[in-house]
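Peer 1: This is the structure, below, for whatever I ask next.
There are 2 protein chains.
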Amino acid sequence: MAAEPADPTLPRERQDRILERLRRHGRVIAADLAVEFRVSEDSIRRDLRELAARSLCKRVYGGALLATTAPPLAERRREDVERKRALAAVAATLVSPHQILFLDAGSTNSAIAAALPEGHDLTVVTNAPDVALALIGRSGFEVLMIGGRIDPEIGGAIGSLALRQIQGIRADLCFPGVCAADAQTGLWTLDAEEVVLKRTMIEASGETVLVATREKLIRAATHHTAPPSSITHLVTERDTDPAILAAWRAAGTSVHVV
Amino acid sequence: MAAEPADPTLPRERQDRILERLRRHGRVIAADLAVEFRVSEDSIRRDLRELAARSLCKRVYGGALLATTAPPLAERRREDVERKRALAAVAATLVSPHQILFLDAGSTNSAIAAALPEGHDLTVVTNAPDVALALIGRSGFEVLMIGGRIDPEIGGAIGSLALRQIQGIRADLCFPGVCAADAQTGLWTLDAEEVVLKRTMIEASGETVLVATREKLIRAATHHTAPPSSITHLVTERDTDPAILAAWRAAGTSVHVV
DNA sequence: ACGGCGCTTGCACGTTTCTGCACGTTCATG
DNA sequence: CATGAACGTGCAGAAACGTGCAAGCGCCGT
């Protein structure tokens, strides 16, 4: 894959190919592009300026970088974000090609959505707009949105309308949002409406995966949602109390730590 | 594979062969085609213009490129940001407190969602995750998400599941996404599935507002969606052809320009 | 047959776009 | 702070473009 073909490249086509390179490598160097496309650096710079004007790349000294859709918000809990991404990466390995997944609302599940591998032909069923948005445009995903009244606290659809739609679906894997959970009693939730939704999702799925940061592995929520026997996998952090992990294992749950 | 046969080629046949070349190579160069088909570049350009009008290719300086499916909506949302924001600001003034709104999927409607005033106790019904996400957490909004299979091109739920949910709702104001529209025939859409959805939304709403950048006010899409009589308001740009605006006014639509 | 009609084509004209070069400025680096 | 590379801008020539127009050609009807 040495130099590009010597035949003349259409101006606009050249920009498309630069953009493609950009997406593949994350950056381009003006001088290299000039050689490859056999035009002067001036023209390349003009192309990069145009792409930058469409905010498709960021102009830098020497070339250009891919425009990252940097989330300016959510700066508050950078540490949490890092921890959740680590958990999500492990959770994503539990997914097999062609599966149907339930992805509940919640910040951890947003991270899981981002961590899901492309090209596995997955069907993701979710009641959270941000999860859906994260998957739109990525290849190999079929996204099924659960509608209903959106609870601003939860960040997803709940209520009877959502429930009815979920009832018509069966999935392979379920990722319920976790408020609290312990090995003796199972999964607990804060909101009464959510309980029914989560319970339905879990019952309609072959396996259920709990992804929870260490501080959630306590018995501290108000509504009982699911018994420990229905939890197939638990993904949590390495420095969780060993007694807690042992209890989960004893309950028959497969425990994964990061 | 030297030059094409010297015998004269029918115009339509020539276009088919250009299209075939286009599909094979991804691009064509006007000058080369002129030599191969032994016609002037003018004729070739005419052919390419026609193919482009049927959106079978994209016209570029020097030739044409294969029509790529519309850029991912992440990019669409970044294009013409300023113009869309200006339109959205005006569109937002048409909303009264306590109203129920239909907000269709589309980059312009994302801008409208962001422009909606807070504290007006609005109920927003949408099939687009990004619209819903933009309103979650802002005060004075009740968000009702329409579920269903999410079309990655459109960025929102379509199909029978979405349709059924919409059928159970009546709204005061409707903002359908606009592919093309003109005063004589009304609203046109590119995707067949979308048509039913938009039509249902419009019929279930008291008033309908078309928000469209200047270049959308043409008759250039494939499926008829709504007659001009059902369009209550049109929000577009000041430098639109005055004749077009006059035609809309004559059709009984209230025209707002920014 | 003959003239009108629709369609295609090539040409002329003015306009837009692309390109490389020259010049002065800004930037990273030692 | 010195130096060369990278940068932006203005400019001029070339190439491609759109448009209006007239000629060529097949078709049809009175």
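Just so you know, the sequences run in chain order A and B. Those letters in the first sequence? Residues 58 to 315, by my numbering. Those letters in the second sequence? Residues 58 to 315, by my numbering. We put the CB at the ideal spot given by N, CA and C, even for glycine.
Should B/Gln72 go down as buried or exposed, given a rule of 16 or more other Cβ atoms within 10 Å for buried?
Peer 2: It counts as buried.
Peer 1: Check for me: the beta strand (DSSP E) holding A/Thr183 runs from which residue to which?
Peer 2: Start and end: Leu179 to Thr183.
Peer 1: Could you check whether the region 247 to 266 of chain A touches the region 92 to 111 of chain A, counting it as contact only if at least three pairs of C-beta atoms, one from each stretch, sit closer than 8 Å?
Peer 2: Counting Cβ pairs under 8 Å, fewer than three are found: no touch.
Peer 1: Could you check whether the Cβ of A/Asp229 sits closer than 9 Å to any Cβ belonging to chain B?
Peer 2: No, its Cβ sits nowhere closer than 9 Å to a Cβ of chain B.
Peer 1: Quick one: what's got a C-beta closer than 6 Å to A/Gly205's C-beta in the same chain, skipping five residues either side?
Peer 2: So the list reads Ala214, Gly216, Leu218 and Ala219, once near-sequence residues are dropped.
Peer 1: Within a Cβ cutoff of 7 Å, which residues of the same chain sit near B/Ala91, ignoring the five residues on either side of it in sequence?
Peer 2: If we look at B/Ala91 and ignore the five residues flanking it on each side, its Cβ neighbours are Ser97, Glu98 and Ile101.
Peer 1: Per the DSSP calculation, B/Ile215 is bridged to which residue(s)?
Peer 2: DSSP output for B/Ile215 lists B/Arg206 as bridge partner(s).
Peer 1: DSSP puts A/Thr125 in a beta bridge; with which residues?
Peer 2: Bridge partners of A/Thr125: none, in fact.
Peer 1: Of all Cβ atoms in chain A, is any one closer than 9 Å to the Cβ of B/Val147?
Peer 2: Chain A contact via Cβ: absent.
Peer 1: Name the chain A residues whose beta carbon is nearer than 7 Å to that of B/Gly212?
Peer 2: Within 7 Å Cβ-Cβ: Ile193.
Peer 1: Residues in the region 234 to 245 of chain B with C-beta within 7 Å of chain A's C-beta atoms, listed in sequence order?
Peer 2: Going along the region 234 to 245 of chain B in chain order, one finds no residue with a Cβ nearer than 7 Å to chain A.
Peer 1: Less than 9 Å between CB atoms is the rule here; does B/Ala303 satisfy it with respect to chain A?
Peer 2: Not closer than 9 Å to any Cβ of chain A, the Cβ of B/Ala303 fails to qualify, so no.
Peer 1: Given that A/Gln224 touches chain B, what residues does it touch there, using C-beta distances under 7 Å?
Peer 2: Near A/Gln224 there are no residues of chain B at all, since even the closest Cβ is about 13 Å away, more than 7 Å.
Peer 1: CA-CA distance, B/Arg306 and B/Val152?
Peer 2: For B/Arg306 and B/Val152, the distance between alpha carbons rounds to 20 Å.
Peer 1: How would you label B/Ala300, buried or exposed, when you count the other beta carbons within 10 angstroms and need 16 or more for buried?
Peer 2: Exposed: under 16 other Cβ atoms inside 10 Å.
Peer 1: For B/Val152, does the three-state DSSP call read helix, strand or coil?
Peer 2: Residue state, collapsed to three classes: coil.
Peer 1: Please list the partners that B/Val117 has in chain A, where partner means a Cβ-to-Cβ separation under 8 Å.
Peer 2: Result: Leu67, Pro68, Arg69 and Glu70.
Peer 1: Within 9 Å of any Cβ in chain B, is that where the Cβ of A/Asp73 sits?
Peer 2: So yes, A/Asp73 belongs to the interface.
Peer 1: Run through the DSSP bridge pairs and tell me what B/Ile86 is partnered with.
Peer 2: DSSP lists B/Gly120 as partners of B/Ile86.
Peer 1: For B/Val92, go through chain A and note every residue whose CB falls closer than 7 Å to its CB, in chain order.
Peer 2: Result: empty, since nearest Cβ-Cβ is about 14 Å, beyond 7 Å.
Peer 1: Rounded to whole angstroms, what's the CA-CA distance from A/Phe232 to A/Leu267? Just pull it up for me.
Peer 2: So the alpha carbons of these two residues sit roughly 6 Å apart.
Peer 1: Going by C-alpha to C-alpha distance, which of B/Glu77, B/Val117 and B/Arg80 sits closest to A/Thr66?
Peer 2: The option with the nearest alpha carbon to A/Thr66 is B/Val117.
Peer 1: Would you list the residues sitting across from B/Glu264 in a DSSP beta bridge?
Peer 2: B/Leu230, per the DSSP bridge assignment.
Peer 1: B/Leu179 CB to nearest chain A CB: under 9 Å?
Peer 2: B/Leu179 does not count as touching chain A.
Peer 1: Tell me whether the beta-carbon of A/Thr270 lies closer than 9 Å to the beta-carbon of A/Thr289.
Peer 2: No. Outside cutoff.
Peer 1: With distance defined between alpha-carbon atoms, name the residue in A/Gln241, A/Glu264 and A/Glu272 nearest to A/Ala148.
Peer 2: Looking at the Cα atoms, A/Glu264 is the closest of the given residues.
Peer 1: In chain order, what residues of the same chain have a beta carbon less than 6 Å from the beta carbon of B/Ala168, not counting five sequence neighbours either side?
Peer 2: Contacts found: Lys141, Arg142 and Ala145.
Peer 1: Are the C-beta of B/Glu98 and some C-beta of chain A separated by less than 9 Å?
Peer 2: Closer than 9 Å: no.
Peer 1: Which bits of chain B does A/Val200 rub up against, with CB to CB less than 8 Å?
Peer 2: By Cβ distance, chain B contributes Arg206, Ile207 and Pro209.
Peer 1: Less than 9 Å between CB atoms is the rule here; does B/Arg140 satisfy it with respect to chain A?
Peer 2: No, its Cβ sits nowhere closer than 9 Å to a Cβ of chain A.
Peer 1: From the DSSP output, which residues share a beta bridge with B/Thr310?
Peer 2: Per DSSP, none; premise fails for B/Thr310.
Peer 1: Would you mind telling me which residues of chain A sit closer than 8 Å to B/Gly120, beta carbon to beta carbon, in chain order?
Peer 2: Near B/Gly120 (Cβ distances below 8 Å), the residues of chain A are Leu67.
Peer 1: Within 9 Å of any Cβ in chain A, is that where the Cβ of B/Arg135 sits?
Peer 2: Closer than 9 Å to some Cβ of chain A, the Cβ of B/Arg135 qualifies, so yes.
Peer 1: Taking only the alpha-carbon atoms, compute the straight-line gap between A/Gln222 and A/Asp248 and give it to the nearest angstrom.
Peer 2: If you take the alpha carbons of A/Gln222 and A/Asp248, they lie about 19 Å apart.
Peer 1: Mapping DSSP to helix, strand and coil, what is A/Ile157?
Peer 2: Three-state result, A/Ile157: strand.
Peer 1: So which residues on chain A does B/Glu132 lean against when the C-beta distance must stay under 7 Å?
Peer 2: Those are Leu113, listed as they occur along chain A.
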